[in-house]
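Take UniProt numbering: the last position of the sequence shown gets the number 1162, and nothing is skipped along the way. Here's the structure, in structure tokens; my notes come after.
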Amino acid sequence: MKMTLPLSSSHANCISYSAPQLEFSVDIFIQRKRHLRVDSIKDLNVTLYNCSVGHLDCSRCQTADAKYSCVWCGGEQPSCLFQDSCKEEVADTCPAPLIHAVYPLTGLVEGGTRITITGSNLGQKHQDIAETVTVAGIPCEVDALVYEISSSIVCTTGRSGTERSGHVVVEVPGGGQGISAHVFTYQNPELKFISPVRGPKAGGTSLTLTGSKLLTGNPSRISIWVGHFPCYIHSEMQEHELMCQTSASNVSTEFSITVKYGDQERKLEHSFFKYTLDPNITYAEPAKSFQSGGREIRVRGHNLDVVQWPKVRVTISPLERRRRGVGRWRRIIPETGCLENALCSVQQFEEPCQVNSSNLIVCKTPAIKPLSHSIQVKLEFVLDNLSFDFNAFHPSGFSYEVDPFLKPLNTDDITKPYRHKPGSIISVEGENLDLAISKDEVKAMIGVGVCSVKTLTKNHLYCEPPTEQPAPQHRAKREGTDSLPEFTVQMGNKNFWLGRVQYDTESQLTFPLEAQIGLGVGTSFVALIVLIIVFIYRRKSKQALRDYKKVQIQLENLETSVRDRCKKEFTDLMTEMMDLTSDLVGTGIPFLDYKSYAERIFFPGHRESPLQRDLDVPESRRQTVEQGLVQLSNLLNSKLFLTKFIHTLEIQRTFSPRDRAYVASLLTVALHGKLEYFTDILKTLLNDLVEQYVAKNPKLMLRRTETVVEKLLTNWMSICLYAFVRDSVGEPLYMLFRGIKHQVDKGPVDWVTGKAKYTLNDNRLLREDLEYRTLTLTALSQAGNTGGGTEGSQGVLVKGLDCDTITQVKEKILDQLYKGTPYCHRPDPDTLDLEWRSGLAGHLILSDEDVTSIIQGSWKRLNTLQHYKVPDGATVALVPRMTKHLPRENQDYIPGEKTPMLEDADEGGMKLWHLVKSTEEPELPKHRRGSLRERERAKAIPEIYLTRLLSMKGTLQKFVDDLFQVILSTNRPVPLAVKYFFDLLDEQALNHGITDPETIHIWKTNSLPLRFWINIIKNPQFVFDVQTSDNVDAVLLVIAQTFMDSCTLADHKLGRDSPINKLLYARDIPRYKQMVERYYADIRQTISASDQEMNSALAELSRNYSGELNSLVALHELYKYINKYYDQIITALEEDPIAQKMQLGYRLQQIAAAVENKVTDL
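Encoded structure:
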């Protein structure tokens, strides 16, 4: 007999199975040998069963199905067996219940706690124990649905009323009773207080709830609620403390705290948790850190003190390797394997932060593994449940820089002490020192004394040590050099031990004197002379170095002293800029259209663009002249003629630099419809220019606009970069312009001299300390429907100064009334009168000059608000001027600019003055002229006025940084024209054998920053429809010069005689230089722009803008130069054989006959 599952045979007539199942069905058949089946019965099944399976105690055995005939068989090892298999006495009654475990062992005094009792013989059916379970003497209601025969009882405790303890008792029919070994306790939990009592609406606050007997009942049924919002328990519960994390709320208010024990609850009395407004970060700085971390980031915002566990998280991921082309991207196949110092997976680093106040959180940057630059860094501030990306509120984004390195003080032998002369400054050399840290963050120590860091550059650290030698940091008994203080520097998490310091107590003059005497005795007269020369030279060099260090330290100290003022000024300015930004949402930045933009750049300084005029020819000859000009346009398409024409003009002595620039702009307009051809001409002329300068000094090429090709290049860049200026550079440039104007207007501005209290240019600094008040006026407009909107009729608040002239007040009022209107659509202040209204009948016209003006000798003072005693809060109105306005004659005019009044503008030789008389205004004498006393006075000027200049500089710093960052950024595709022209310069250098990187750098600087960006920065009216003034221009001039200094490779050493304007940005220029160098390097690494791509872009520009310029007038103006140098041009064409074959001279004669009626030899 064989079964389909394993069987074991005990004897001939008994079969058993080992599977752990109560029933087991098997097929039975008879076979002989291995494969021969004997019987013919199909599907013969037998069901086997085992009573011991699932019937481990008496109660379960007796409740088994009667068909199995199972009995509880007594004996030493009682068990459930088949009735015929039992050899011992069969038990009719079961033993008393046995309780193994009770869970939980605590419950609420009001009952309702579900407890689970496990054991054996706990009844054979629900009715056996339904009314017989008690917990500490209190009946416990059994749940029939989850009752498990004999083994498990689940019941709900009844109400005890008071706290009590007792055993769990289970009785079964027949008198059997089981008592638990464990004691169950009825408890009354008590909530005492919570911490903290407030948290953000976003949730994530970790609440600690303190009390007694909090862990009552089943922990899985304990929950905490803040009002109707759940608070998620996140740690092990304890009797006296529960901890949970708040969930998000949709309202900001107070809620009660509730702990629920199943269906029962406990509330915290007399204490509430308040959901506050979410924390918000508005700004964080600085934006760089060394890879070793530890730099302090100051995070500013609102409601930051509601955050419990702020932390900073840095996520570093591999940057997908791509090469950036011009306006496009090309993927590079990733390299296999993971290179050394390369990142092959995403890594995260975190550091806790410290809450300083509701407005400030201080974090320290995490340290990361030193990696290459091909990584992407994401820095986040995690404020409980909220996360803020650093890049969202900082324009430059966060980056890690390579760690700094400091050389020992004694580079020859680090074991020997560095000898320091008291009163001097310690200089430490290194690398990458200022890439991601400021001098205020560096901690330098000499033993237990502080070495005050005065200056920090990329390669040097200068600090001022204590006057006396400090004790070493570790005061153990030492001998020899170990007793000397050690010099240590801490930069974030980076600590440097740079050797020991020994103060030199000998007189500084002792050694040089003894050396001179000794050398004088032991050497010849000639050697003594040589020694004296060398000594003087080194002394001069050291003196110059000391002067340089002293200037830097003075500058650092001044910047530190004005830092708090800068922060306040910057905050006020940012508020003003935010208001401006909201105003610009509807109106947009007042960009000029392309025509106005091109005309202002092509023809700067002209009273009006030559293209605005019509053809100045008699009507009878107009058609003939226009035909001749069309022929001239066709002749300009001859490359040979055009190059001959330009070269012929340039060799004429009477052809001035201004004529060259004018002709270049006329050619630009004439060829604007054929920019591909224009670019080809530019390349040809540039090649000629390179050959000319290579023979002389190649570094001087493109430095000035002395040739036609240099002005052509300026115009070409202006055409190609117009879209980039509008889309990218326009916004930061406009914000910088408005920021400058706002800051200048905050202080007194002399209307006559144009000098201001707040400026960056010391030549435009108002050096008088004047007393003035800020007035807030309510301004009305009755100038007709001038575009001011309803604001003009309802009145706007305008801030002015009581020392402002009436014209200055009118301009400030117009700025407010027409703040969303382009300048060309605003009324002229000279066509309006300012009327002071006081009461119903009190109307007074205010003016700069009237019969009340104060006259002293030959000086007449301009009237101000203070002169008329206009109070704060006064109401004024702009009304149309009744008398006809006569414009000033002989006053140079440049579109968009405003010049100060002329000194002798008044009739009768009366000289006007506003704040100071021009003769009394202290001027800085040029240090190369005058007496020694004047030179010393010139050196003292910075100490008096540099603080005011530095305050202005610090306030505008962010706007300057934003502008430079956009111009020099390669995060977005570089303009096609820039890449194309830089490649052209590299090619020219290669063709002419120029390998000096400095020369190529100078060429690129002279072609883009000098030729275009400086022009745009100095003249925002070239891009926007705005009005500039002398004092605003003076500030922009300093910023433009700083940008230019940043593009040069030469180091600028500062001294006592250095210009103040260069002192202002002395610390910033090295950082800007790095940006420029990185910009040039990134452009060089991008994919080259092909001629086809460039021509396609130029053709599109020609189609889009050529129709806006008056090329016919430009050709007519151009012909005037042809007429002036007609004979020389004809001669040059006749001397060229190719020109003769092409009959270029003949064609020019035809044009002359048509345009001028010139008699020719035709």
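Each residue gets a CB set at the ideal place from its N, CA and C atoms; glycine is no exception.
When the Cα atoms are used, D750 and G842 turn out to be separated by approximately 30 Å. Per the Cβ contact rule, the region 252-268 is in contact with the region 177-195 (3 or more Cβ pairs under 8 Å). Rounded to whole angstroms, the separation of the alpha carbons of I316 and K953 is 35 Å. Residue pairing of P230 in beta bridges, as defined by DSSP: W225. According to the DSSP assignment, M491 belongs to the beta strand (DSSP E) that extends over E486 to M491. In the structure shown, A136 adopts coil according to DSSP, grouped into three states. The beta-carbon separation of R764 and K755, rounded to 5 Å, stays under the 8 Å limit for a contact. For L81, the enclosing beta strand (DSSP E) stretches over residues S79 to F82.
In the three-state reduction of the DSSP assignment, M1075 falls in the helix class, which pools H, G and I.
The beta carbons of C80 and S52 sit about 5 Å from each other, so the pair counts as a contact at 8 Å.
Straight-line measurement puts the Cα of L814 at about 36 Å from the Cα of A661. With respect to the 7 Å criterion, V109 and V168 are not classified as neighbours on the basis of their beta carbons.
In the three-state scheme derived from DSSP, where H, G and I count as helix and E and B as strand, C451 is classed as coil.
A straight line joining the alpha-carbon of I28 with that of T113 spans about 55 Å.
Note on geometry: alpha-carbon atoms of E691 and L433 lie some 42 Å from one another.
P822 is positioned such that its CB atom lies closer than 7 Å to that of P590. Taking 7 Å as the cut-off, the Cβ atoms of L777 and V798 count as close. Cβ-Cβ separation between L721 and M1142: approximately 35 Å, too far for a contact (criterion under 8 Å). The C-beta of F405 has fewer than 16 other C-beta atoms within 10 Å across all chains shown, which makes the residue exposed. In this structure, the straight-line span from the alpha carbon of I1083 to that of D1045 is close to 20 Å.
Between D504 and K421, the C-beta gap is smaller than 7 Å, which places the two residues in contact. Residue range S1111 to K1124 is occupied by the alpha helix (DSSP H) that includes K1124.
DSSP places D389 in the uninterrupted beta strand (DSSP E) bounded by L386 to D389.
Spanning the alpha carbons of V916 and G857 requires a straight line of approximately 15 Å. By the Cβ-count criterion, D727 is exposed, with fewer than 16 other Cβ atoms from all chains shown falling within 10 Å of its own Cβ. Burial of E599 is indicated by the presence of at least 16 other C-beta atoms within 10 angstroms of its C-beta. The region 870-883 and the region 830-837 touch, with no fewer than 3 CB-CB distances between them shorter than 8 Å.
In the three-state reduction of the DSSP assignment, H394 falls in the coil class. Within the same chain, T648, L649 and Q652 come within 7 Å of Y1125 by CB-CB distance, once the 5 residues on both sides are set aside. Beta-bridge annotation (DSSP): V109 is not paired with any residue. Of all C-beta pairs linking the region 951-971 to the region 658-676, fewer than three are shorter than 8 Å, placing the two stretches out of contact.
By the neighbour-count definition (other C-beta atoms within 10 Å, threshold 16), Q124 is a buried residue.
P104 and F184 have their C-alpha atoms spaced approximately 8 Å apart.
If the five residues before and after V453 are omitted, its C-beta is found closer than 6 Å to the C-beta atoms of K439, V442, A444 and C463, all from its own chain and listed in chain order. For D745, the enclosing alpha helix (DSSP H) begins and ends at G730 to K746. Runs of the alpha helix (DSSP H) lying entirely within the region 613-666 and spanning at least 4 residues, in chain order: 622-636 and 639-650.
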